[in-house]
Amino acid sequence: MNEFSSQLPSILDQIIASIPVFKPELVIIVAFIGTILATLFFDTIWKHSSLAVAFLGIIASIMVTIPQIDNPTSGFFGMLIIDNFAVYARVIIQLALLVVLFLIQQYFKNKTFGKNLGDIYTILLAAGLGLNLLTVTTNWLLAFIAIETVSISSYILVGYFSETKRQAEAAMKYVLFGSVCAAIMLYGLSLLYGFTGNLDFASQAHIQGLISAPPVMISIALLFMFVGIGFKLGFVPFHMWTPDVYEGAPTPITSFLSTVPKIGAIVLLSRIFQAWVSTSFYFSELTLLFIVVVAIVTMLVGNLIALRQTDVKRMMAYSSIGHTGFLLMAVISTQTKDPQILLFYLAVYTLMNIAVFAFIQTLEEKIGSTTIADYAGLGKTYPILFTIFTFVGISLIGLPPTAGFIGKLLVFSATFDLYQTTQDIPFLLLLIVGALTSVISLFYYFRIPLYAFLRKGDETQNPPIPLTLTYGIGIIFGFLVLLFGIFPDLLLQVFN
Amino acid sequence: MGILSLLIFLPLVATVLILALPMTLRQSYKYIALAITLIQLILSGWLYANFDNTAAGINAIEGFQYVEQIPWIRLNLGSLGQLEIDYFLGVDGISLPLLVLSAFVMLMAIGASWNTEKSPKGYFSLIMLLNMAVMGIFCALDFFLFYIFYEVMLLPLYFLIGIWGGANREYAAIKFFIYTLFGSVFMLLVIVGLYFSVINPISGAHTFNMLYMMDPNNYVDGSFFAWFNNYNEILHIPARDIGFIVLFIAFAIKVPIVPFHTWLPDAHVEAPTPISIILAGILLKIGGYGIVRVCVSIFPDVVAHSNWWLGLIGVISILYGAFNALAQRDLKRMIAYSSVSHMGFVLLGIASLTVEGISGAMFQMISHGFLSAALFFLVGVLYDRVHDRNIYNFRGLATLMPKYTGFIAIAFFASLGLPGFSAFIGEAFVIIGTFNSESIGTGLPRWMAIAGSIGILLSAAYFLWTLQRMFFGQTRLKGGEQWAIALEGDVNCRERIILFPTLAIALILGVMPSLFFDKLNSSVLNLVSMVSQYL
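Those sequence lines, one after another, are chains A and R.
All the letters of the first sequence, read from the start, carry residue numbers 2 to 497 under the numbering used here.
All the letters of the second sequence, read from the start, carry residue numbers 565 to 1099 under the numbering used here.
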């Protein structure tokens, strides 16, 4: 006790000194509380008050995040690591959250909805907090807390809206699967802690412990640990929940789930990868092998199953599984300290995905369906929407002149460079599978223009689409996809 | 802005204009498209007239004309080094004739789509987009730029076949897209590999510049596609061979050669007439152009020891295409297979690695561009009137449509290689080149030349047989009186305006092949000298 009290001042000093590092998250916490209060007291006066508070909170958080650029620090005894990677990742996450806020507001604008909409914004902020934490830590404990924060928020986001039996089933699946995965991951972490006596996965002691631990136990521990991250990322074989959940959840929630949590999880995975794979010991090779195999399988499975989907949201769920595989390839190939290729791909992926879901949502409001067959003949009625929709689809395939193509090219380049220096066949396989799956993905992304332009629909006249906010977001993002496709330096320069 | 940029991006202006004009002015769309393609033809004529025949092209920037080089993307990618992508255009003897051909065929296609009623806005804007991509492909000297135009070309074509095509159009459109994309994604991997293997000797950065890729000294020692001392291999095939094979397959799908040809008959049969014209007249040439510009020029060392296989594939395409053409009952399908056969000559000529052979191959591409466009147009004339193309449903058309019969007879005779027409020059030079190959020592056996001649014989068989079946004898039509009335008018004025110059060019080129051989010659000599050091 005496020992503790003598250290107390220095601990306090450290905590106080760390608070500026924690500012963006603190702002979100304040906004979180603010939104609860606004929901309770002010929404009856002005129904947009909770949205406004959440919006301002995220804006303020971005404002305090940006000055952290080029000023690498750490805080809370090394629990938080702020580097440029973390700053950019958080800015992307928060910007995406901002857009999702409006998508949600638009989605429920014309719906009679028994529950309190303000609560959604609150939960979304909580998820944002967890995601922010995921990107700034190399500590298992904090990473686990962050993952759980995101997961629990996501359960609520999905479950809160469940109106039909199907949606309730999706939410239930999500919760059960998630909880089991979390428990397994926690068990894996306890093993890792047992071997190393240290929770910071980038630290020397941790790596030393991993080197000396018995291979069998290490394999089990790593496998358990990847179950947790795998669930969050939705890579094969932990992808089972995604299609049901994506299809069952309201469209804006799906656009959130399919995009934003991936950014956080990928950043964390990338940090683990960078810390571990540089050694030549058993656990490094196991990690590398594991991620390479998972990347290949995920790309193949995601894209192949997407071929057979009839619901556009479900198709996008499998497409996002396929893209997760590609993101893993990006994680593998950007081993070095400059993550700009990974960040570029993440940013572009976010743009593309949100644009697609914005269009899906616009169409859902108009024709009340998310079945691809119901888009038949609509290309004539909504030429602009479907042209941009098709264009974003082209970007998701990875064809020029789109940002998706540049992203794919950069990832291929990095992977090829890796293959050229190491001459390892698995990297070549990654390249070939990556190329092959873009051909496969052509089939299902092109079902949208196929139905919209090539097929004839019933001749019922659909009213024209007013320029709603959702539609506008889709158009702007589609335009950005073109802009960054022709002038990728605009975006890449930012991450430099 | 240089003249090549103008040539490439004028159609984009047309696209924007057409999209911006309201539907009430729908009649103006075709006039906009016509005006722009006319300007393009004049521009390409200007390029042709001012072209310096002595410039050697191929691997040195000094040999290219109308060069435009602007830094486009410059990025520091950390460990991957500096990313260097240029907006780099230029024309040499290989690309100039194809540019002129493209401008002409595009004009023909606009003429052929004059009566398009189904959503003309989308139709003409897509054709103009396709036009832009095609021009870009023939001008681009930066591999990245080339690839972008190459892929952009696919999208308008998918919709043009898919929306305006025939009954089975969805299948044809996606099949065409998948085939080409399958080739091109793997091409992308090779491009990336070349990028990491080549450095710009001036700036020291990796580069996509095709001309730098053709100089062995620019390759990094120990890189994947390194020219010298390269021990990289995949499945025991040397890395440079792999690179060549992948690129070759990508372009071979476009040519198309057997066995990657199956998309072509489907695409042609389903596509509307103007798109068939563009497909046969321009897009097939992109395959041949890619093989010369990319495969042979960047991998001359590989071509030098693999040309026997290329020649074999060429011969198989010639014979297989011809036999298939003999068996067809659909006139358009027959002509599509004849394209496969005629494009086989291009590959055989390139494989001979002789000046005669490669010049012949280039000439064959030009000649086939004009003639196949004319043939598909002629099929369209018939189909427009009676909506049937089955050869056995027509008989004795000669008495009913004498002018049409005249045009089609000229086109058939020109295509089968009658001396005096352009196809004769192309095919003859290819066969001479192949025949000489053994004496020069480039490695093609003489029987390949003989097999090529048999291909010409077969083409005479299927063309003349078709002529006999459809046009001679007693007039008998499946549709009876109704068809006879529909066909009565013979070819109209618009169709004559399009057909006459096309067939006239085929004749002029047959009489004065120097019109294009002069332009080609120094580039081809340079190419052959590049390859011959590795023989």
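From the three backbone atoms N, C-alpha and C, an ideal C-beta is built for every residue, glycine too.
What residue from A:Thr139, A:Pro68, A:Ala206 has the CA that sits closest to Met79 (chain A)'s CA?
In the sequence as displayed, the identity of residue 79 (chain A) is Gly instead of Met. With distances taken between Cα atoms, Gly79 (chain A) lies closest to A:Thr139.
Confirm, please, whether the CB-CB distance from Leu935 (chain R) to Ser905 (chain R) is below 8 Å.
Not in contact: Ser905 (chain R) and Leu935 (chain R) (Cβ atoms no closer than 8 Å).
Relative to the C-alpha of Tyr651 (chain R), which candidate in R:Ser659, R:Ile637, R:Leu644, R:Ala925 has its C-alpha closest?
Comparing Cα positions, the closest option is R:Ile637.
Skipping 5 residues on each side, what residues in its chain have a beta carbon closer than 7 Å to that of Gln69 (chain A)?
If we look at Gln69 (chain A) and ignore the five residues flanking it on each side, its Cβ neighbours are Ile83, Val88.
Below 8 Å on the Cβ atoms is my guess for Glu734 (chain R) versus Leu455 (chain A); work out the distance and round it to an integer in Å.
About 6 Å separates the two Cβ atoms, so the contact holds.
In its own chain, which residues sit with a C-beta less than 7 Å from the C-beta of Ala453 (chain A), not counting the 5 before and 5 after it?
Excluding residues within five positions, the ones whose Cβ falls inside 7 Å are Tyr376, Leu379, Gly380, Phe387.
Along the region 779 to 805 of chain R, what residues have a CB closer than 8 Å to any CB found in chain A?
Listed in sequence order: Ser787, Phe788, Asn796, Ile798.
Please confirm if Phe454 (chain A) has its CB atom under 8 Å from at least one CB of chain R.
Yes, Phe454 (chain A) lies at the interface with chain R (some Cβ there is under 8 Å from its Cβ).
Between the Cα of Gly394 (chain A) and those of A:Val349, A:Pro427, A:Ser50, spot the shortest distance and give me the residue it belongs to.
The candidate whose alpha carbon is nearest that of Gly394 (chain A) is A:Val349.
On the DSSP bridge assignment, give the partners of His770 (chain R) in chain order.
Paired residues: R:Ile763.
Identify the continuous alpha helix (DSSP H) that holds Arg638 (chain R) and give its terminal residues.
Element bounds for Arg638 (chain R): not the alpha helix (DSSP H) but the beta strand (DSSP E), 629 to 640.
Is any heavy atom in the ligand PLP found nearer than 7 Å to the beta carbon of Gln1032 (chain R)?
Within the structure as shown, the ligand PLP is missing, as the structure has no ligands at all.
Could you tell me which of A:Ile487, A:Gly119, A:Pro489 sits nearest to Lys48 (chain A), measuring between CA atoms?
That would be A:Gly119, whose Cα lies nearest to the Cα of Lys48 (chain A).
When the Cα of Ile153 (chain A) is compared with those of A:Phe232, A:Met330, A:Leu344, which residue comes out closest?
Nearest C-alpha to Ile153 (chain A): A:Phe232.
Taking 8 Å as the CB-CB limit, is Val228 (chain A) close to chain R?
Val228 (chain A) does not count as touching chain R.
Checking 8 Å against the spacing of the C-beta atoms, do Met751 (chain R) and Leu912 (chain R) come in under that value?
No, the Cβ-Cβ distance between Met751 (chain R) and Leu912 (chain R) is not below 8 Å.
Could you tell me whether any Cβ in chain A is nearer than 8 Å to the Cβ of Ala1098 (chain R)?
A small correction: the amino acid at residue 1098 (chain R) is Tyr; Ala does not occupy that position in the sequence shown. Tyr1098 (chain R) does not count as touching chain A.
Any idea what DSSP makes of Val784 (chain R), helix, strand or coil?
It is coil, neither helix nor strand.
In this structure, does DSSP put Gly654 (chain R) in helix, strand or coil?
Strand at Gly654 (chain R).
Would you call the CB atoms of Pro25 (chain A) and Ser62 (chain A) closer than 8 Å?
Closer than 8 Å, so yes.
Can you tell which of R:Asp865, R:Asn782, R:Met692, R:Ile972 has its C-alpha closest to the C-alpha of Phe573 (chain R)?
It is R:Met692.
With H, G and I counted as helix, E and B as strand and the rest as coil, what does DSSP make of Gln1046 (chain R)?
Helix.
Return the chain-ordered list of same chain residues with a C-beta closer than 6 Å to the C-beta of Phe99 (chain A), the five sequence neighbours on each side being excluded.
It is worth fixing the name first, because residue 99 (chain A) is Leu in this sequence and not Phe. Excluding sequence neighbours, Leu99 (chain A) sits near Ile59.
Please confirm whether Gln421 (chain A) has its beta-carbon closer than 8 Å to some beta-carbon of chain R.
Closer than 8 Å: yes.
Quick one: residues in its chain with C-beta nearer than 8 Å to the C-beta of Leu647 (chain R), no 5 flanking neighbours on either side, listed in chain order?
Ile637, Arg638, Leu639, Asn640, Leu641, Ala769, His770, listed in sequence order.
Would you list the residues sitting across from Pro802 (chain R) in a DSSP beta bridge?
Per DSSP, R:Glu797.
What does Ala436 (chain A) reach in chain R if we use C-beta pairs closer than 8 Å?
What Ala436 (chain A) touches in chain R: Val749, Phe750, Leu752, Leu753.
Does Trp873 (chain R) pass the burial test, meaning 16 or more other C-beta atoms within 10 Å, or should it be called exposed?
So Trp873 (chain R) counts as exposed.
Give, in chain order, every residue of the region 943 to 967 of chain R whose Cβ lies closer than 9 Å to some Cβ of chain A.
Cβ contacts with chain A: none found.
Leu432 (chain A) and Val293 (chain A): beta carbons closer than 8 Å?
No. Outside cutoff.
Between Leu581 (chain R) and chain A, is there a C-beta pair that is closer than 8 Å?
Not one chain A Cβ lies under 8 Å of Leu581 (chain R).
Put Asn111 (chain A) into one of helix, strand or coil per three-state DSSP.
Reduced to three states, the DSSP call for Asn111 (chain A) is coil.
Would Leu287 (chain A) and Leu192 (chain A) qualify as a contact pair, given that the criterion is a beta-carbon distance under 8 Å?
The answer is no: Cβ separation not under 8 Å.
What three-state label does DSSP hand Ser677 (chain R) in the structure shown?
Correct three-state label for Ser677 (chain R): coil.
Taking a Cβ distance cut-off of 8 Å, strictly less, list which residues of the region 656 to 688 of chain R are near chain A, in chain order.
So the close ones are Ser683, Gly686.
For the beta strand (DSSP E) containing Gly76 (chain A), name the first residue and the last one.
That run of the beta strand (DSSP E) goes 74 to 76.
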